[in-house]
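Student: I'd like to ask some things about the structure below.
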Amino acid sequence: MDLFTIIAVDESAAEHVSVTADKADCSYPERTVQNAMFLTNVRYIFEDDEDYNLDERTMVDEDVENVVVVDLDEFLNLRSVELISERFQMLNYSLGTENEITLKVLSQFPAEVENAENRGLDELIYRYRKQNRALQYLIDGL
């Protein structure tokens, strides 16, 4: 079985939008890289693993913050992804090349714009469009 790389990208509307990707060796926009989180401390539990007993083999772990449920079919094709978290809301997910799953998540949604008077119009338009897309994802998920 090929392993999946799971990347969570915080699409928070509070991010600084004036960052651009000038590096030729970077395949993602720099703001995406700055907000990317590579998930660590991963435990795998397979649905058909009859020997797995949560009470015996799993200790209570206070460090667990988020749970990502990846649903695969019998041919190991991705069917769905679900995020269980108190801190993040998943907006959507996509499957990239070489089994890379990218989760777009929202961690905060502030109503106020910091230093709005010092920001350019393009930057503010970008931010409000991004907020509207995030709201639409959340509304569609209800």
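Residues in the sequence shown are numbered from 929 upward in steps of one, following our numbering.
Glycine included, each C-beta is placed from N, C-alpha and C at the ideal position.
(1) What does a CB cutoff of less than 8 Å around Glu-939 pick up in its chain, not counting 5 residues either side in sequence?
(2) If I follow the unbroken beta strand (DSSP E) through Asn-994, where does it start and stop?
(3) Just to confirm my understanding: we take Tyr-1001, look at its own chain, exclude 5 residues before and 5 after, and list those with CB closer than 7 Å. What are they?
(4) In its own chain, which residues sit with a C-beta less than 7 Å from the C-beta of Asn-1027, not counting the 5 before and 5 after it?
(5) Should Val-937 be labelled buried (16 or more other beta-carbon atoms within 10 Å of its own) or exposed?
(6) Out of Val-998, Asn-1046, Asn-1043, state which residue places its alpha-carbon closest to the alpha-carbon of Leu-1023.
(7) Which residues in the same chain as Leu-1049 place their Cβ atom closer than 6 Å to its Cβ, once the five residues preceding and following it in sequence are excluded?
Tutor: Reading it off the structure:
(1) Asn-963, Leu-1019, Lys-1032, Val-1033, Leu-1034, Lys-1058, Ala-1062
(2) 994-1000
(3) Rather than Tyr, the amino acid found at residue 1001 in this sequence is Asp. Excluding sequence neighbours, Asp-1001 sits near Arg-1007.
(4) Asp-930, Leu-931, Phe-932, Thr-933
(5) buried
(6) Val-998
(7) none
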